[in-house]
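*Asks:*
2 protein chains.
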Amino acid sequence: MRIALDAMGGDHAPDSTVAGALAAADADFEIILVGDEGIISEQIADAKVGGLPPNCTIRHATEVVEMEDSPAAALRRKRDSSLRVAFELVAGGQADAVVTMGNSGAALAAGMFVVGRLPSVIRPAITALVPSRNAPVVVLDVGANVDCRPEHLHQFALMGRAFAEVGLRRESPRVAVLANGTEDEKGTDLTRAASQLIDADPALNYVGLAEPGDVFTGAADVVVTDGFTGNVFLKTAEATSTQMVELVREAAASGVVPKLGGLLLRPALRSTLARLDAAEVGGALLLGIDAITVIGHGSADSRSVANALRTAARLHTDGLLDRVGEALRVADAPAGAPAVRPS
Amino acid sequence: MRIALDAMGGDHAPDSTVAGALAAADADFEIILVGDEGIISEQIADAKVGGLPPNCTIRHATEVVEMEDSPAAALRRKRDSSLRVAFELVAGGQADAVVTMGNSGAALAAGMFVVGRLPSVIRPAITALVPSRNAPVVVLDVGANVDCRPEHLHQFALMGRAFAEVGLRRESPRVAVLANGTEDEKGTDLTRAASQLIDADPALNYVGLAEPGDVFTGAADVVVTDGFTGNVFLKTAEATSTQMVELVREAAASGVVPKLGGLLLRPALRSTLARLDAAEVGGALLLGIDAITVIGHGSADSRSVANALRTAARLHTDGLLDRVGEALRVADAPAGAPAVRPS
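Going down the list, the sequences are from chains A and B. Here the working numbering is used: the first residue of the first sequence is 1210, the next is one more, and so on. Here the working numbering is used: the first residue of the second sequence is 1210, the next is one more, and so on.
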């Protein structure tokens, strides 16, 4: 089990990525740090851990995809970028999974064109785990495909189900379609057509439309949506959380009494807020690509990077790719399409 | 100046609506309480304020539109509903504006078919004021039109500009289109085409695409989007806020020390959170209808109802309808369309 880590991707890379790899030095998988060998070696020397851990190697790559690079251009022009090389290691059989905290659009493009889609997959999807009252909810697509057709959302439901089963050990996961209300007449032309497709699929436990609030209360295990709406949903939730945390901080800074209150409340608040912390999983999944791919937040710290590495390893070991491939192959079969991959 | 208040609409009606009207008893406008006369009179007697205030009258209506009623059916079958009658008072010249905390879909339908659109308006839009770091941001459409065309978003921009100028006294309001990122290649076919239309309109101060986080930081004064995305945006922000407030409460209830902390922090927290309180304005605006219409939250309390009444009165006095009509007429003119309304 070898994971290619894009050591140069992310706002705090390579500090955060190298520290994350070091934090996973006790893991039972190998980590290939992809990026500028000189810079990475320097980071490791600075960490004073007695050199590269036994489960780590470095694969030199000269270029870096920046957050503001256009995905297509990054893929074409920066052929020796750490991000692209990470996917090439998987394509060449030298790695089993990719972890990046870098440009998610470029990761999608590299996944599509360097590694390729799983058989039957029309569109890969970026898949987030959103914290709910009890357990995380699988939401996809949160950004890969802005303009979607109903059959894309149907495939997202199948891939999301496979991920909920393998990654979260849910049995017969409840699937919903994100909408502006739960009544039958709600939704767009897209959500209505997707609802019908998903409801008609006996492989899926469809529970209907879900409003944003239903995601947070855990009314479904898998919530599917187009990548535009999903991205707006995710970014709105993040921005609102950030704003609320700032308001609590401001309140606590507004005088001596509230300041004392804030100090007394802080430890308990930290532990309840930790439930919302995406760092536990380390990032979003790129589902539909023929490689386990974890895309972390650009702002990821070393703990997030270590978690992303462990998540990638576990999903690979638990056979996520086979399950996603199987879910789509079975869905294809009744329509008369040949199974693309021999089972 | 007479405002028709749907006294039976909302989760806490008629308690909240009657109390809201009583709280506005000192206002310099008339309030027509529309709904079951017996129930409303009883509420007023219970309030022990010495009977109906001089600026209030009751208009009897026998039926009530429920939150779960389908808008079309509610309009057709409940012809004597408090909601429909409120709009009929405006259509008949007996009232100048409508305030309801009831079913927003039914309010839209009643506005469209009983009062009618302003000249040139293709689609009315539900318009929210979203709290940002400094001042509220106008966001539309947040629910009236789930499937939109680019020209609808262009009209939303024009109506939103008029509202920002009249209602919020902004000069040359900055207009943005809600999207999944601010780079040129972001967005959907719809947002790209709408961007071009809005950018090409010299009457609008277009500042480009806005991410959800940009709304909360106030990077624009007016943010336009289709009613599906806008509704998901608004409901996600509301659900996230609710979840965060619950987490703070849970933290404060988790032990003696955090409880003390919570007590000391609470007054300051209340005052910072008040900034997010939609009750200040009392609701969303239904723009594009030939009547000032404020649609409050179903859960509105008496303070929200009173604020909604004051907002409606102020917008009517300040000539919002004329400004919205003018904005669209001017936009129509270059295309050769005749001005529908003599100026």
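Glycine included, each C-beta is placed from N, C-alpha and C at the ideal position. Being a predicted model, the structure only gives us computed values, none of them experimental.
Can you pull the chain A neighbours of B/Pro1467, defined as C-beta to C-beta under 8 Å?
*Replies:* Leu1473, Leu1474, Pro1476, Ala1477 and Leu1478
*Asks:* What's the call for A/Lys1287, buried or exposed, on a 16-neighbour Cβ count within 10 Å?
*Replies:* buried
*Asks:* Nearest-angstrom Cα distance between B/Ala1233 and B/Ala1522?
*Replies:* Rounded to whole angstroms, B/Ala1233 to B/Ala1522 spans 11 Å at the Cα level.
*Asks:* Alpha carbon to alpha carbon, how far is B/Val1549 from B/Arg1538?
*Replies:* Below a pLDDT of 50, predicted positions are generally treated as unreliable, and B/Val1549, at 43, falls in that range; no measurement from the model is reported.
*Asks:* Can you tell which of B/Val1490, B/Arg1458, B/Gly1464 and B/Leu1478 has the C-alpha that lies nearest to the C-alpha of A/Pro1467?
*Replies:* B/Leu1478
*Asks:* Which first and last residues belong to the beta strand (DSSP E) in which A/Ile1240 is found?
*Replies:* Glu1239 to Gly1244
*Asks:* At 3 residues or longer, what runs of the beta strand (DSSP E) sit wholly inside the stretch 1483-1536 of chain A?
*Replies:* 1493-1496 and 1501-1504
*Asks:* Let's see if you can read the secondary structure: which residues bound the beta strand (DSSP E) around B/Ile1267?
*Replies:* Cys1265 to His1269
*Asks:* Rounded to whole angstroms, what is the Cα-Cα separation between B/Pro1359 and B/Val1386?
*Replies:* 11 Å
*Asks:* For B/Arg1453, which residues in chain A fall below 8 Å Cβ to Cβ?
*Replies:* Checking the sequence shown, residue 1453 of chain B turns out to be Met, not Arg. Result: Thr1449, Ser1450, Met1453 and Val1454.
*Asks:* Roughly how far, in whole angstroms, is the beta-carbon of B/Val1375 from the beta-carbon of B/Arg1532, given that I think they are within contact range, below 8 Å?
*Replies:* 5 Å
*Asks:* Report the CB separation of A/Ala1315 from A/Ala1334 in whole angstroms; it is logged as a contact under 8 Å.
*Replies:* Not really, about 16 Å apart at Cβ, beyond 8 Å.
*Asks:* In the DSSP assignment, the beta strand (DSSP E) including B/Asn1414 goes from what residue to what residue?
*Replies:* Asn1414 to Ala1419
*Asks:* Do the CB positions of B/Phe1372 and B/Leu1496 come within less than 8 Å of each other?
*Replies:* yes
*Asks:* For the stretch 1275-1289 of chain A and the stretch 1453-1464 of chain A, state whether three or more C-beta atom pairs, one from each stretch, are separated by less than 8 Å.
*Replies:* No: fewer than three Cβ pairs fall under 8 Å.
*Asks:* Taking 7 Å as the limit between beta carbons, can you name the residues of its chain near A/Arg1370, skipping five residues before and five after?
*Replies:* Cβ neighbours of A/Arg1370 beyond the five flanking positions: Pro1382, Val1384, Leu1413, Val1431 and Ala1536.
*Asks:* Report yes if the CB atom of A/Val1424 is closer than 8 Å to the CB atom of A/Val1339, and no otherwise.
*Replies:* yes
*Asks:* I'd like the ranges of any beta strand (DSSP E) spanning at least 3 consecutive residues and lying wholly in the stretch 1372-1434 of chain A.
*Replies:* 1383-1387, 1414-1419 and 1431-1433
*Asks:* Considering just the uninterrupted stretch of the alpha helix (DSSP H) at A/Ala1446, what are its terminal residues?
*Replies:* Counting along the chain, the alpha helix (DSSP H) containing A/Ala1446 begins and ends at Gly1436 to Ala1461.
*Asks:* Looking at the strands, I want to know which residues DSSP matches up with B/Ile1335.
*Replies:* DSSP, once it has assigned bridges, lists B/Leu1495 as partnering B/Ile1335.
*Asks:* So what's B/Glu1360 in DSSP terms, helix, strand or just coil?
*Replies:* When DSSP states are grouped into helix, strand and coil, B/Glu1360 belongs to the helix group.
*Asks:* From this set, A/Ala1270, A/His1363 and A/Ala1230, which residue's C-alpha is nearest A/Asn1516's C-alpha?
*Replies:* The alpha carbon of A/Asn1516 has as its nearest neighbour, out of A/Ala1270, A/His1363 and A/Ala1230, the alpha carbon of A/Ala1230.
*Asks:* If you measure beta-carbon to beta-carbon, which residues of the stretch 1402-1425 of chain A are closer than 7 Å to chain B?
*Replies:* Identification of residues in the stretch 1402-1425 of chain A having a C-beta nearer than 7 Å to some C-beta of chain B yields Glu1420, Pro1421, Gly1422 and Phe1425, given in sequence order.
*Asks:* For A/Ala1493, collect the residues of the same chain with a Cβ closer than 7 Å to its Cβ; drop the 5 residues on either side in sequence, then sort them by chain order.
*Replies:* Once the five neighbours on either side are set aside, the close Cβ partners of A/Ala1493 are Ile1335, Thr1336, Ala1337, Val1351 and Ile1504.
*Asks:* Verify the CB distance criterion: does A/Asn1343 have a CB-CB separation below 8 Å to chain B?
*Replies:* no
*Asks:* Taking 8 Å as the CB-CB cut-off, is B/Gly1470 touching chain A?
*Replies:* Yes, B/Gly1470 lies at the interface with chain A (some Cβ there is under 8 Å from its Cβ).
*Asks:* Would you check if the stretch 1282-1296 of chain B and the stretch 1263-1274 of chain B touch, i.e. whether three or more CB-CB distances between them fall below 8 Å?
*Replies:* yes
*Asks:* Determine the closest residue to A/Ser1225 out of A/Ala1256, A/Thr1400, A/Val1416 and A/Ile1407, with distance taken between C-alpha atoms.
*Replies:* Comparing Cα-Cα distances from A/Ser1225 to each of A/Ala1256, A/Thr1400, A/Val1416 and A/Ile1407, the minimum goes to A/Ala1256.
*Asks:* Using 8 Å as the limit for Cβ to Cβ distance, is A/Asn1440 near chain B?
*Replies:* yes
*Asks:* Using 8 Å as the threshold, is the C-beta distance between B/Thr1445 and A/Ala1446 below it?
*Replies:* yes
*Asks:* Could you tell me if A/Gln1252 is buried or exposed, where buried requires 16 or more neighbouring beta carbons within 10 angstroms of its beta carbon?
*Replies:* buried
*Asks:* B/Thr1433 versus chain A: which residues are under 8 Å apart at the beta carbon?
*Replies:* The amino acid at residue 1433 of chain B is misidentified as Thr; the sequence shows Val. Near B/Val1433 there are no residues of chain A at all, since even the closest Cβ is about 13 Å away, more than 8 Å.
*Asks:* For B/Leu1214, which beta-bridge partners are listed by DSSP?
*Replies:* B/Leu1242 and B/Val1308
*Asks:* Name the chain A residues that come within less than 7 Å of B/Lys1287, Cβ to Cβ?
*Replies:* Neighbours of B/Lys1287 on chain A: none; closest Cβ ~17 Å, over 7 Å.
*Asks:* Return the CA-CA distance between A/Pro1328 and A/Leu1317, expressed in angstroms with no decimal places.
*Replies:* 17 Å
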